[in-house]
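Residue numbers (our numbering), protein chains in the order written: chain R, 2 to 161; chain D, 2 to 161; chain G, 2 to 161; chain Y, 2 to 161; chain V, 2 to 161; chain L, 2 to 161.
Every residue, glycine too, gets a C-beta built ideally from N, C-alpha and C.
Please read all numbers here as calculations on a predicted model, not as lab measurements.
Have a look at the structure below, then the notes.
Protein chains: 6
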Amino acid sequence: MSSIAVYPGTFDPPTCGHLDIITRSAKVFDTLYVAVLNNSDKTPIFSVDERKNMLSRITNNLNNVVITSFNGLLADYAKQINANVIVKGLRAVSDYEYEYQMALINNKINPAADTFFLTTTAENSFLSSSVVKDIARYKGDLTNMVPSEIQSIVYSKLTE
Amino acid sequence: MSSIAVYPGTFDPPTCGHLDIITRSAKVFDTLYVAVLNNSDKTPIFSVDERKNMLSRITNNLNNVVITSFNGLLADYAKQINANVIVKGLRAVSDYEYEYQMALINNKINPAADTFFLTTTAENSFLSSSVVKDIARYKGDLTNMVPSEIQSIVYSKLTE
Amino acid sequence: MSSIAVYPGTFDPPTCGHLDIITRSAKVFDTLYVAVLNNSDKTPIFSVDERKNMLSRITNNLNNVVITSFNGLLADYAKQINANVIVKGLRAVSDYEYEYQMALINNKINPAADTFFLTTTAENSFLSSSVVKDIARYKGDLTNMVPSEIQSIVYSKLTE
Amino acid sequence: MSSIAVYPGTFDPPTCGHLDIITRSAKVFDTLYVAVLNNSDKTPIFSVDERKNMLSRITNNLNNVVITSFNGLLADYAKQINANVIVKGLRAVSDYEYEYQMALINNKINPAADTFFLTTTAENSFLSSSVVKDIARYKGDLTNMVPSEIQSIVYSKLTE
Amino acid sequence: MSSIAVYPGTFDPPTCGHLDIITRSAKVFDTLYVAVLNNSDKTPIFSVDERKNMLSRITNNLNNVVITSFNGLLADYAKQINANVIVKGLRAVSDYEYEYQMALINNKINPAADTFFLTTTAENSFLSSSVVKDIARYKGDLTNMVPSEIQSIVYSKLTE
Amino acid sequence: MSSIAVYPGTFDPPTCGHLDIITRSAKVFDTLYVAVLNNSDKTPIFSVDERKNMLSRITNNLNNVVITSFNGLLADYAKQINANVIVKGLRAVSDYEYEYQMALINNKINPAADTFFLTTTAENSFLSSSVVKDIARYKGDLTNMVPSEIQSIVYSKLTE
Numbered sequence: 002m003s004s005i006a007v008y009p010g011t012f013d014p015p016t017c018g019h020l021d022i023i024t025r026s027a028k029v030f031d032t033l034y035v036a037v038l039n040n041s042d043k044t045p046i047f048s049v050d051e052r053k054n055m056l057s058r059i060t061n062n063l064n065n066v067v068i069t070s071f072n073g074l075l076a077d078y079a080k081q082i083n084a085n086v087i088v089k090g091l092r093a094v095s096d097y098e099y100e101y102q103m104a105l106i107n108n109k110i111n112p113a114a115d116t117f118f119l120t121t122t123a124e125n126s127f128l129s130s131s132v133v134k135d136i137a138r139y140k141g142d143l144t145n146m147v148p149s150e151i152q153s154i155v156y157s158k159l160t161e
Numbered sequence: 002m003s004s005i006a007v008y009p010g011t012f013d014p015p016t017c018g019h020l021d022i023i024t025r026s027a028k029v030f031d032t033l034y035v036a037v038l039n040n041s042d043k044t045p046i047f048s049v050d051e052r053k054n055m056l057s058r059i060t061n062n063l064n065n066v067v068i069t070s071f072n073g074l075l076a077d078y079a080k081q082i083n084a085n086v087i088v089k090g091l092r093a094v095s096d097y098e099y100e101y102q103m104a105l106i107n108n109k110i111n112p113a114a115d116t117f118f119l120t121t122t123a124e125n126s127f128l129s130s131s132v133v134k135d136i137a138r139y140k141g142d143l144t145n146m147v148p149s150e151i152q153s154i155v156y157s158k159l160t161e
Numbered sequence: 002m003s004s005i006a007v008y009p010g011t012f013d014p015p016t017c018g019h020l021d022i023i024t025r026s027a028k029v030f031d032t033l034y035v036a037v038l039n040n041s042d043k044t045p046i047f048s049v050d051e052r053k054n055m056l057s058r059i060t061n062n063l064n065n066v067v068i069t070s071f072n073g074l075l076a077d078y079a080k081q082i083n084a085n086v087i088v089k090g091l092r093a094v095s096d097y098e099y100e101y102q103m104a105l106i107n108n109k110i111n112p113a114a115d116t117f118f119l120t121t122t123a124e125n126s127f128l129s130s131s132v133v134k135d136i137a138r139y140k141g142d143l144t145n146m147v148p149s150e151i152q153s154i155v156y157s158k159l160t161e
Numbered sequence: 002m003s004s005i006a007v008y009p010g011t012f013d014p015p016t017c018g019h020l021d022i023i024t025r026s027a028k029v030f031d032t033l034y035v036a037v038l039n040n041s042d043k044t045p046i047f048s049v050d051e052r053k054n055m056l057s058r059i060t061n062n063l064n065n066v067v068i069t070s071f072n073g074l075l076a077d078y079a080k081q082i083n084a085n086v087i088v089k090g091l092r093a094v095s096d097y098e099y100e101y102q103m104a105l106i107n108n109k110i111n112p113a114a115d116t117f118f119l120t121t122t123a124e125n126s127f128l129s130s131s132v133v134k135d136i137a138r139y140k141g142d143l144t145n146m147v148p149s150e151i152q153s154i155v156y157s158k159l160t161e
Numbered sequence: 002m003s004s005i006a007v008y009p010g011t012f013d014p015p016t017c018g019h020l021d022i023i024t025r026s027a028k029v030f031d032t033l034y035v036a037v038l039n040n041s042d043k044t045p046i047f048s049v050d051e052r053k054n055m056l057s058r059i060t061n062n063l064n065n066v067v068i069t070s071f072n073g074l075l076a077d078y079a080k081q082i083n084a085n086v087i088v089k090g091l092r093a094v095s096d097y098e099y100e101y102q103m104a105l106i107n108n109k110i111n112p113a114a115d116t117f118f119l120t121t122t123a124e125n126s127f128l129s130s131s132v133v134k135d136i137a138r139y140k141g142d143l144t145n146m147v148p149s150e151i152q153s154i155v156y157s158k159l160t161e
Numbered sequence: 002m003s004s005i006a007v008y009p010g011t012f013d014p015p016t017c018g019h020l021d022i023i024t025r026s027a028k029v030f031d032t033l034y035v036a037v038l039n040n041s042d043k044t045p046i047f048s049v050d051e052r053k054n055m056l057s058r059i060t061n062n063l064n065n066v067v068i069t070s071f072n073g074l075l076a077d078y079a080k081q082i083n084a085n086v087i088v089k090g091l092r093a094v095s096d097y098e099y100e101y102q103m104a105l106i107n108n109k110i111n112p113a114a115d116t117f118f119l120t121t122t123a124e125n126s127f128l129s130s131s132v133v134k135d136i137a138r139y140k141g142d143l144t145n146m147v148p149s150e151i152q153s154i155v156y157s158k159l160t161e
C-alpha cells in the first residue's frame, strides 16, 4: 500500500487553512505533492514562483511534502505523477457542491486517482486567500490567518 | 507513514454505495476497519452479527479490511484501535453539513484521528439502506443496489 | 402527445400550497391524479377517506383531476395508472435534495414516469401540513393557509 | 426606542453556544426573555424547572435577562410579553432553512415581533444539546461545551 | 389541454445533459421551443447560429421540437410564443436556489407561463458547458458528455 | 443599553427588499446607519451620491436613520461610528453561507460589533438590485420592486 497524494490550489497566497490541510494530509499519505495551479485564465497577485517559494517556507519541516506547479487538467497532472489520491479542503456547503462535481469529472478522466476531502477546522472556516488579500490591503491583522513565516511577504505585495 | 482507518456505519444492510467506499479506501489506507455501530437507540432490522457477516462476505477479497463492531463514541473507539483516519462517505449536501459537525466534534474528543471524506459515485448517489429496505419489502429489483452476494439475505429478511 | 400525471402526498391535511400545485399542474397535463399515500408507517391525523374527501371538495372545479389513494412504491403505482409524469412541489433547498434522490430512485424503478418539479409561490413557501396542524391546535388563523372549503373540518379535527 | 427580545429554546441542557447567544443579545436589546419551551410532544431529559434553574445560574450576572417558560405558539407568547424581537441562533445551513420558514410563519401570526438571527461563533458551530448529552452519557470532557457552573448537574443527570 | 413549453439556455455548446432534458420534455409537452439566449453581456465561444445549428443536429428526430433564439427577458419571450411552460434542468442545490428565484421573478412578469423543473440523471449531474470546453481545450475524451453528432464541431472550435 | 447599528450595502439601486430591512431595523435599534459601500472594484451604475440620494428619499420618514458611505473594511467603519450591531438581510441559503463567513471575519477584526441577520419577507425573497436593473432595462414593471419615490430615477438611468 503506497499512497501518493496531490493537493492542488491557487495559493494566492497560502493561508493557515491551506497549511492545516497540508499538515494533516502529510501525516496520512506517503508523499504529498502541493501543486500550484498555473492557469492563464486567473490573474493571481503572486507569481507561480512566489507562491511556490511561500509554500516551501511554510512546509520545510514536512519531509514528505513536494512543492510543484502544473497547468492543464488536474486529472492529467495526477496521472503524470502517479498520484492515487487528490486532496481537497472543504469549508462551506457551496464549496462541497462544486468540489463534488469536480471529483466526479476528475474520476471520469482519471479513475486511478480518487478525491479525498478534509474539512477545515472551525477556526479556519472563514479563511480564504481573498479574505487575506482584503485584510492585507488595509493593513489589518493577519495573525492566525497567514503563517508567520510569510506574513511580511504578503503585506509587502499587497501594499506596494 | 502508516495509516489505520476506520469506516463506521449502521450498515442495515450494506449497499453497493458502502462497498464502493470500502473498496476505494482499502486502496489508499494500510488497514481499514469497517465498524458496525451497535447503538441501542436505533432499531436496526439486522442484528450486529448479521451485518458483520454480510460485510465479511462482500469484502473477503480485500486483505487489509477488518470487520468489527463498537458502541459508545466513535472518537473513543478510534483511539482504542489506534486509527489516525476516520472515513466517511458523502452523498448530498445535507449529509455534508451533519458530517462536518461530527468531524469537528470527533476531532475535539480525539485529535489523533482525522476525518477524510469520499463522495459516492454518481450511480450510487441516491442509494441508502432505507431505500434498499423499502424496495426489498415490495420485492423490487435490487441489482446494482446491494452486492449480489447478499441480495438473497436482504430479500429473506425484509419479506419474512 | 398525452400526459398523465400523478401528484402524490400525505395531504394531512391539504394546504393552499398543495392546491396551488394541483391547479398549476392541471393547466398543463391532460389528466392529473392526486394520490393520497396510505402508508402504515406514518400516523396521520386524518383518515385516507377524510383526506380524499377534503381533496375532492377543493378540486371539484378542476375537470381533469382525479382523487385517488395508493400504498406501496410510488413508481409502481405510476406504472399501474400509466402515468408518464410525477409532479412534486418544492419549497426549501432541503426538500430539493430529498426529492432529487427520490426522482433518481423512481426513475430507476419505473423509467416510463419522469418527475417534474414545481416550486411553491413565495406566499406559500413556509406552509406545510405540520404548520397548519400546529396553528389549528391553538385556534390560530388559517386564512390563506388552508382552502376555505375545508377550514372548519381542519379546526374540528384538531381541537376535538 | 425600546427593545424587548425573546430567545426561545428547549435548552435540554443549555450549552456554551446558547450562553453566547444570550450574552451577545443582552448587550443589544433592553430586555431579553430566555424562554424555555414546555412542549408536551418532546421528551426532554431535564424538567422545565431544572432547565430554568440552569439558565438562571449561568446568566445571573446579566441584569436585563429574564428566565421564563411558555407553551403554545411562540408568536402568541411574544405578543403576551410585548416582545418586538425574537432572537434565534444559527449554526448550519439546514438550521437556516428551517428558521427562515419559522420566521415567516411567526411574522404572519404576530407581525409586531420580528426575528433577528445571530450566528454561532466558529468554536461553537458544532455544539448542540444532543451532542452534549451524548458526550456526558459516556463521561467525555464537557469543557467549553457546557458552562462550568452547570457541568456537574449535566453529568449527574446523564449518568444516573 | 395544450402545452407549449420553452427550454431556454446558452448552449455554448449543448451537452448530453441538455439533450436529456430536451428528450424528456418533448415526451410530455405538445411543443417544445429550445431557445438560445442571445445575451450581449455574456461572451460565448459559439455564435448564436452555430449553437442553433448544433441543437438542430442533435434534435432532428424529435418532431415537436423547435430551435429558436431570443434576447431580452425570458418571461417576455414566453408570452410572445404563447408558452405556458418554462422548462429548466436542475443539477446541484445551488442551481436550485438561483432557479427558484428566477421562477418567482418570471412568474411575476408573466403569470401565464409556469416553470417546471427536471433534474439531470445521475450520470449527467457533473456535466456543464464549461466542463465540456475545459476538456475539449486539452483534447480530453468527450464521449457521453457531448452528443456524438457535434463532437467534432466542439473539438474544432476549442482547439482552433 | 444603547444600540447603534450599521446596514451596509451597494444599493445599486435600493430595492423594496432593502427598504423593508431598513424599516424593520429602525424599529429596534436606537440609531441605524445605512452605509453605501464605495468600493473601487465594483462598477455600479449609480454614483455614490445618487445612491445616497435615493436612500434619503425613501427613508425620510424614519428619524433614527442616517445615510452615509464608506470604503475599506466594514469592520473598521463600524468601529469608527461606534456601531455595536451590523445588520444584514438574508434571502437564500447561499447568501447565508457567505454572510456567515463575513460575520466571523468581521467579528475577528472588530469584536465590538456583532452581526444580526434579518430575513426578507416572502414577497421580496427574489428581489435584488440586479433583477431590478434587468427589468428596468427592458422597461418592465417595477411596482413592489423599487419604492415608488425612486422608480422614475431608476428607469431614467437604465434606459438612457
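Check	Outcome
Which term fits R:Asp13, buried or exposed, when burial requires 16 or more other beta carbons within 10 angstroms of its beta carbon?	buried
Taking the beta strand (DSSP E) that D:Tyr8 falls in, what are its first and last residues?	Ile5 to Gly10
Within its chain, find whatever has a CB closer than 7 Å to the CB of D:Leu74; leave out the 5 residues flanking it on each side and keep chain order.	Ile110
Between D:Ile68 and the rest of its own chain, which residues show a CB-CB distance below 6 Å, the 5 nearest in sequence each way excluded?	Val35, Lys53, Leu56 and Ser57
Tell me the start and end of each unbroken alpha helix (DSSP H) in the stretch 15-68 of chain V that is at least 4 residues and wholly inside, in chain order.	17-27 and 49-59
In three-state terms, what does DSSP make of V:Asp109?	Strictly speaking, residue 109 of chain V in this sequence is Lys, with Asp absent from that position. In the structure shown, V:Lys109 sits in a helix (DSSP, three-state: H, G or I).
Count the other C-beta atoms from every protein chain shown that fall within 10 angstroms of the C-beta of G:Tyr97, then say buried if there are 16 or more, exposed otherwise.	buried
Write down the C-beta distance between G:Val49 and G:Val37 rounded to the nearest angstrom, noting that I regard them as a contact closer than 8 Å.	6 Å
Tell me which residues share the same chain as Y:Thr32 and place their Cβ nearer than 6 Å to its Cβ, disregarding the 5 neighbours each side in the sequence.	Ile5 and Asn65
Less than 7 Å separating the beta-carbons of R:Leu119 and R:Met146?	no
Contact defined as beta carbons within less than 8 Å: I believe L:Ala114 pairs with L:Asn85. What is the distance between those atoms, to the nearest angstrom?	6 Å
In angstroms with no decimal places, state the Cα-to-Cα distance between L:Asn125 and V:Tyr78.	24 Å
Hey, how far is the Cα of L:Val155 from the Cα of L:Ala27?	25 Å
Are there 16 or more other CB atoms within 10 angstroms of the CB of R:Ser153, so buried, or fewer, so exposed?	exposed
I'd like to know whether the C-beta of D:Ala93 is nearer than 7 Å to at least one C-beta of chain G.	yes
Can you confirm whether G:Leu143, when its beta carbon is compared against all beta carbons of chain D, has any partner nearer than 7 Å?	no
Return the residue from the list L:Tyr139, L:Glu161, L:Ile22 and L:Ile23 that minimises the CA-CA distance to V:Asn40.	L:Tyr139
Using the three-state DSSP reduction, which class does Y:Ser129 fall into: helix, strand or coil?	coil
Using the beta-carbon of each residue, which ones in chain D are nearer than 8 Å to R:Phe118?	Leu91, Phe117, Phe118, Leu119 and Thr120
Kindly indicate if chain D contains any beta-carbon less than 7 Å away from that of G:Gly10.	no
Buried or exposed for L:Tyr99, please, with buried defined as at least 16 other CB atoms from any protein chain shown within 10 angstroms of its CB.	exposed
Can you tell me the Cβ-Cβ gap for D:Asp21 and D:Thr121, rounded? I've got them flagged as a contact below 8 Å.	7 Å
Name the chain L residues whose beta carbon is nearer than 9 Å to that of V:Asp135?	Chain L residues near V:Asp135: none, gap ~23 Å exceeds 9 Å.
May I ask you to report which of helix, strand or coil DSSP gives Y:Val155?	helix
Within its chain, find whatever has a CB closer than 7 Å to the CB of V:Lys89; leave out the 5 residues flanking it on each side and keep chain order.	Glu100, Thr116 and Phe118
Under a three-way DSSP split, which group does V:Ile87 fall into?	strand
Taking C-beta pairs closer than 8 Å, name the residues in chain Y that G:Tyr139 reaches, listed in chain order.	Gly73, Leu74 and Asp77
Is it right to say Y:Gln102 is buried, meaning 16 or more other beta carbons lie within 10 angstroms of its own, or is it exposed?	buried
CB Y:Thr16 to CB Y:Val133, shorter than 7 Å?	yes
By the three-class DSSP mapping on this structure, what secondary structure does R:Asp115 have?	strand
The alpha helix (DSSP H) that contains G:Tyr139, what's its start and end?	Element bounds for G:Tyr139: n/a, residue is neither H nor E.
Is V:Thr160 helix, strand or coil when you go by DSSP?	helix
Using a cut-off of 7 Å between C-beta atoms, extract the partners of Y:Val132 located in chain D.	Ile106
Distance, Cα to Cα, D:Val7 vs R:Ala137?	41 Å
Note down, in chain order, each residue of its chain lying with its Cβ closer than 7 Å to the Cβ of L:Asn72, except the 5 sequence neighbours on either side.	Asn39 and Asn40
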